[in-house]
Each structure stands twice: as C-alpha cells, then as structure tokens.
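Residue 0 is where the sequence shown starts when you use numbering that gives the first Met the number 0, and the numbers rise one by one after that.
Accompanying notes for the structure given below.
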Amino acid sequence: MAKAAPGYDSIGSALVRTGKKEWINAGDGNQFLVLRISKETGAWSALVKAPAGQVNAPHTHIGPADFYVLSGGFDYRGGSARAGDWVYEAAGTVHEATTHPMDTVYLANVYGPVAFHDGKGGFAGILDWRAVQAMVDKAKQKKKVAAPVTAAKGGKKKAA
Ligand SMILES: [Fe+2]
C-alpha cells in the first residue's frame, strides 16, 4: 500500500484494483466482486456477474440503488437495460423478478437493504451490508480452508 500524503485523511476512501480481487459466489447464481462496504451508512458497492438465464427474485429496495451495465444486460420492470445503460431505483421501489437474457456484468451501488419477497406479502430475506460482509468473510474462510499448506516428506511444502 502506498504511503498516504501528509495531511491526507482518507476516511475510508479507496482505490480498488478489480483485476486483483476475487469474484465470490453470492449463493443465488450471481457472483460479486465487492468493492466497498460502509458499516456506517449500510451502503455497499460491488461488481455483479450474472450468467445468462439468471433470475433475481422479486424484491423491494428499502434504500435507493443504482446500477451501471458494463456488459450484457437485464430485463426488469423499468425496461431492458443494456451495456452502457444506467439504472436508478428509488428507495421503496418494488420489483418483480429481474431476468438476464445474456451473460451480464454490472456495477451496483446499493444504499440500503434489499428485501426479497416471500410471495405471501412478507419478506423471505434481506440483503444488506451485513449479508454482503458475511459473503466476503465466508469466501475468505473457504479460501483459508481450501489451501492449507502442509510440509510433505522431504521438506517440500505442498498444498493439501
Ligand atoms: Fe432491484
């Protein structure tokens, strides 16, 4: 990490080299490359990769969110967003399912929880900063468990 210039207080500012970060499974078919999580405001930013055919369940945006489509696209209540399009969803926006007719990558800036509908007028689950942080922590833990280095015979180190 570069040394901060004198008088520069980053207060959480970031420069993220996305090519050096790992994609993690969100558990619903999407992959996330998490850029930032704010425990203070609950906002989080991530690149999201959705494979062709991915369907995101109906949900309500408790806080606002915006999305910039980098490649591919998705179809949702507001229309068909394609590469180069920017989507804003106001706090309180209620969504039917979002479908991805092609492999898609988009930047998601989410400023509050996303509540997934249970089909009975309630919510089945909440995607908030804690859930995204848990996803990141789980991926880190999995990486640690998957790649323990043990000493093999002859003194050479070998991945288990
Ligand atoms: Fe949405």
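We put the beta carbon where it would ideally sit given N, CA and C, even for glycine.
Just checking residue i against ligand 1 - is the residue's beta carbon closer than 6 Å to any of the ligand's heavy atoms?
i: H116; result: no
i: E88; result: yes
i: H99; result: no
Does the beta-carbon distance from residue i to residue j come in below 7 Å?
i: Q132; j: I36; result: yes
i: G71; j: M101; result: yes
i: A107; j: V47; result: yes
i: V54; j: T92; result: no
i: A89; j: P112; result: no
i: A96; j: P50; result: no
i: L32; j: K20; result: yes
i: T40; j: A114; result: no
i: A162; j: Y110; result: For the chain, the structure presents residues 0 to 159; residue 162 sits outside this window and is missing.
Quick check on residue i: does DSSP put it in helix, strand or coil?
i: G18; result: helix
i: Q53; result: coil
i: A45; result: strand
i: K13; result: Checking the sequence shown, residue 13 turns out to be Ala, not Lys. In this structure, A13 counts as coil in the three-state DSSP scheme.
i: D96; result: The question names Asp, but residue 96 is Ala in the sequence shown. Coil at A96, not helix or strand.
i: D27; result: coil
i: A145; result: helix
i: A123; result: strand
i: R76; result: coil
i: A90; result: coil
i: D65; result: strand
Check each candidate in the options and name the one with the smallest Cα separation from residue i.
i: V86; options: P50, E95, D65; result: D65
i: R81; options: V104, I61, H94, A138; result: V104
i: Q140; options: R16, G6, I23; result: I23
i: S12; options: K143, N29, S44; result: S44
i: L126; options: A138, G83, D27; result: D27
i: I61; options: K143, W128, M134, V135; result: W128
i: H179; options: D117, D8, G83; result: In the structure as shown, the chain begins at 0 and stops at 159. Residue 179 is therefore absent and cannot be evaluated.
#### Entry: Three-pair Cβ contact test at 8 Å for the stretch 75-89 versus the stretch 20-40
no
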